[in-house]
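What follows is a set of notes on a single structure, which appears directly below.
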Amino acid sequence: MIHAVVISPVLAVRAGVRALLYPAPQHGDPPIEVIAEAASLEEVDPLPEETDLLVLADDSFSTAALRQLLLPLEGQVALLVLAGDREVIRKVPGLPLRTWGVLALDSTEEELYAAVQALDQGMVVASPVFMEALLEQADLAEASIVQAGETMSGLREPLVEPLTERETQVLQYVALGLANKQIAVQLGISEHTVKFHISSIYAKLGATSRTEAVRLGVQKGLILL
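Residue 389 is where the sequence shown starts when you use our numbering, and the numbers rise one by one after that.
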């Protein structure tokens, strides 16, 4: 069971998100239960201890207020932001989260449900237009971002050697903006082991930096869903 909290200043949006989160589970996916909803971050402070997912449909949220709300449950909560402004994604990396995602407000039921299930697995989720804004902030404006609706066929060059499951997890945390020490804590491994995995990721992707590894991970479909 995924326990979700929904926040939006618009009642109709909260009701709509709540309705979209309730399709029947598929292929063993855990069901989703909305345990609380509110018009603002302040109204839901403190978050229920059992919160797994925070759905925030508000472009103008305060990063400081959100950080304060998340701190007591640091590393436990996944955040899904539903936004209309592509710059919103720049507020997310660095927050005390288990993982995060950013989708458009007009996302379909299937897209929203798939995103929630992916977040539950610890993956990073973002629509191409939002990830593009994040990569631009990291001076990666040259990155090739596949636009929504375009086929991925032929655009992902196969790796010389595929990433292991652990390396994929490390890469996803790198995309979250976590430092090596934070990744080590999240995965229950040593910081030295994290460095080893990152070196292996660089070699397999042909990257020379963390930002380049994230860009290549996006292009090859290892991060962006």
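Heads up, the beta-carbon is just placed ideally off N, CA and C, and yes, glycines get one too.
Please check the pair residue i and residue j, which I expect to be a contact at CB under 8 angstroms, by giving their CB distance rounded to whole angstroms.
i      : j      : result
Gly482 : Leu468 : Incorrect: roughly 17 angstroms between the Cβ atoms, too far for contact.
Ala466 : Leu493 : That pair is no contact at about 19 angstroms.
Excluding the 5 residues flanking residue i on each side, which residues of the same chain have their C-beta closer than 7 angstroms to its C-beta?
i      : result
Val432 : Val393, Ile395, Ala424, Ala426
Lys569 : Glu579
Tyr561 : Ile571, Gln574
Leu528 : Summary for Leu528: the model assigns pLDDT 41, below 50, so the residue's position carries little reliability; its value from the coordinates is reported in the next sentence. So the qualifying residues of the chain are Thr599, Arg603.
Val476 : Asp447, Val469, Val490
Between residue i and the rest of its own chain, which residues show a CB-CB distance below 8 angstroms, the 5 nearest in sequence each way excluded?
i      : result
Ser495 : Leu470, Ala503, Ser515
Ala445 : Val394, Ile395, Ser396, Val398, Val401, Arg402, Val405, Val469, Leu470, Ala471, Leu493
Arg598 : Val562, Ile586
Pro434 : Leu457, Pro460
Count the other CB atoms within 10 Å of the CB of residue i; is the residue buried (16 or more) or exposed (fewer)?
i      : result
Val582 : buried
Leu363 : It is not possible to answer for residue 363, since the shown part of the chain is limited to 389 through 613.
Ala591 : exposed
Thr487 : buried
Gly594 : exposed
Gln414 : exposed
Would the beta-carbon of residue i fall within 8 angstroms of that of residue j?
i      : j      : result
Ala567 : Ile611 : no
Ile577 : Glu555 : no
Leu485 : Leu458 : yes
Arg474 : Val512 : no
Leu575 : Ala601 : no
Gly510 : Gln557 : yes
Glu497 : Pro550 : no
Leu429 : Leu454 : yes
Once you ignore the five residues that flank residue i on each side, which residues in its own chain have a CB closer than 6 angstroms to its CB?
i      : result
Ile390 : Pro418, Ile420, Asp440, Leu441, Asp508
Leu604 : Leu593, Ala595
Gly565 : Pro481, Gly482
Gln505 : Asp417
Gly537 : Caution applies to Gly537, whose pLDDT of 36 falls short of 50 and renders its modelled position unreliable; the model cannot decide the point.
(request) Report yes or no: do three or more beta-carbon pairs, one from the region 413-421 and one from the region 445-457, lie closer than 8 angstroms? (result) Result no; under three Cβ-Cβ pairs closer than 8 angstroms.
(message) Quick check: the region 397-408 against the region 434-441, are at least 3 beta-carbon pairs closer than 8 angstroms?
(response) Remark: fewer than three beta-carbon pairs, one from each stretch, lie closer than 8 angstroms, so the region 434-441 and the region 397-408 are not flagged as touching.
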